[in-house]
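What follows is a single structure, written as structure tokens, with notes after it.
Residue numbers (this note's numbering): 496 to 1065.
What follows is the structure, given as structure tokens:
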């Protein structure tokens, strides 16, 4: 059993760069330029509003996250609305210009790209917009950051708007303190000036991100399946939901997966044996992880995966820690972490309240988690010999739960993959995943299905032991989860085929069920006379009760008899 734990289209190299297109008397119409590109009109209009209101916008995203295409779409938007706009696809240091103050040097830089540009800035209209792609190349440019950016952040000097598209950078300053040789103090970017992979929660943060929204995702998949291939096809809703959960809307990841599905079914599509790719088709072809990730090596998204000699043991160690913990504190002085961050293998994001803000490192998408789980699975370590029983393992894992992590999850403070807060309902699965590797060691294969989609399989599967673990939250559909392991249930075939030889359901809750609690359609035995609580009839069921602000854990068996209790630590 090898269940997969489980572009914006990259610009067509044949299309003329948007920077070379000029307006004339003909109405500007970009809708026919790209038959497979989602125009992201809502995202682009909100981005333009942010640029106009803030003077400088700092956008950060890992490779293939859609920065270049979004810069082109923003260019098109401004041209459509008769705004003066210029796009620089790369950065050349201003010190390379012959002479003059920083603004004159910046003007000369623009004039090299646009001969009509007035390097003196005298004839440049107010509110002119300058878009800079690959702007991380400017971080060491003191002329640019200590004068041009600093002036515009404070609303001084030339009345222009600047939007920076960067593959990395400090969320709060862009430039690192040690990136400027002259030691100047960098400007700061508040939440209103920052845009990252996904929308952030702060009230001042723009409600947009580089990744597709769910509506944009569905639109781009439809455009790709309709217009990109010789044989158009469709993808059903369940499969689309699965793909969105797997990619988090990562543009490069979305394009790669659509291409993979078409490639795997091209003969069936060509001979019209199928016209719609279903969730069953998707799950079947994604089971071969070697084939899947081999295919991704030919796509832009692969730039965000370390490979070859770059995938050192130190790099693997950092990525493994992030995978297990969902995020770890970011340390710019850690050479390996900085390498992962600047190469785009991890993303840096701010977490916490105003007086306690700190940066953490996360993986760019769920697809990157899947890749890491696959990589770890190719070099497996053995589960320690002492774990000869599933319940012994589960006990040690539960005892390693962190009270602080659980509290942060409840409060919505835990930033995770794709720079998104983890939903509260995933807190127990997240913590079980982390604590498992704390107990067993990173490298022991653990197939985690919990974050994939509503069509996911068992929450956790340990292939070395053929053990299955299902986690519930607050008595949610206990009977339905139990029924999955019995005749007619979706897990029962695994038991018949001996792919699962032992299983357990752990119901995580903040209190034991009382007689008055509404429990519909649950197979229960009579009320436990000693404790006046409801008990269940399934022996493979535990109830783990977290109390006192997640500081204390008490675990009960299926008859609600205490098994063990422990205080939880950090």
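The beta-carbon is built from N, C-alpha and C at its ideal position, and this holds for glycine as well. Note that the structure is predicted; figures quoted are calculated from it, not measured.
Residue 586 and residue 632 do touch by the CB rule: their CB atoms are close to 4 Å apart, below 8 Å. No Cβ-Cβ contact shorter than 7 Å links residue 933 with residue 874.
One alpha carbon belongs to residue 928, the other to residue 819, and they sit about 7 Å apart. In the displayed model, residue 887 falls within a helix according to three-state DSSP. Look at residue 808 here: in three-state DSSP terms it is helix.
About 25 Å separates the beta carbon of residue 838 from that of residue 909, a gap too long to meet the 8 Å contact definition. Residue 845 carries a strand assignment under DSSP once its states are collapsed to helix, strand and coil. Of the candidates 538, 968, 572, 538 places its Cα closest to the Cα of residue 707. Excluding sequence positions up to five before and after residue 831, its CB lies within less than 7 Å of the CB of 809, 810, 813, all in the same chain and listed in chain order. By the neighbour-count definition (other C-beta atoms within 10 Å, threshold 16), residue 698 is an exposed residue. By the neighbour-count criterion, in which a residue is buried when 16 or more other Cβ atoms sit within 10 angstroms of its Cβ, residue 771 is exposed.
With fewer than 16 other Cβ atoms inside 10 Å of its own Cβ, residue 610 counts as exposed. Note that the C-beta distance between residue 636 and residue 681 is not below 7 Å. Secondary structure at residue 669: strand, using DSSP grouped into helix, strand and coil. Residue 913 is positioned such that its CB atom lies closer than 7 Å to that of residue 860.
In the DSSP assignment, residue 856 forms a beta bridge with 823, 843. If you compare the alpha carbons of 552, 994, 990, 1065 with that of residue 704, the shortest gap goes to 552.
Excluding five sequence positions before and after residue 645, the CB atoms of its chain that fall closer than 7 Å to its own CB belong to 682, given in chain order. Take the alpha-carbon of residue 584 and the one of residue 571: they are about 15 Å apart.
Residue 626 is not a Cβ neighbour of residue 742, given a cutoff of 7 Å. Per the coordinates, the alpha-carbon of residue 1060 lies some 12 Å from the alpha-carbon of residue 1038.
Taking C-alpha positions only, residue 755 is separated from residue 790 by approximately 7 Å. Apart from the 5 residues on each side of it in sequence, residue 658 sits with its Cβ closer than 8 Å to the Cβ of 542, 546, 551, 552, 554, 566, 569, 624, 625, 626, 627 in its chain, given in chain order. In the three-state scheme derived from DSSP, where H, G and I count as helix and E and B as strand, residue 831 is classed as helix.
When the Cα atoms are used, residue 695 and residue 713 turn out to be separated by approximately 22 Å.
Within a 10 Å sphere around the beta-carbon of residue 1055 sit 16 or more other beta-carbons, which makes this residue buried. In this structure residue 817 is not in contact with residue 878, their Cβ atoms being roughly 22 Å apart against a cut-off of 8 Å. Excluding the 5 residues flanking it on each side, residue 765 has same chain C-beta neighbours closer than 6 Å at 726, in chain order. In this structure residue 688 is not in contact with residue 530, their Cβ atoms being roughly 34 Å apart against a cut-off of 8 Å. The beta carbons of residue 1063 and residue 1050 sit no closer together than 7 Å. With respect to residue 869, residue 800 sits apart: the two C-beta atoms are not nearer than 7 Å. Annotated three-state conformation of residue 621 is coil, per DSSP.
Residue 638 is classed as buried because its beta carbon has at least 16 other beta carbons within 10 Å across all chains shown.
DSSP places residue 1059 in the strand class (E or B) of the three-state scheme.
For a cut-off of 8 Å, the C-beta gap from residue 1065 to residue 897 is around 6 Å, short enough to register as a contact. Ranked by Cα distance from residue 835, the options 544, 613, 662 are led by 662.
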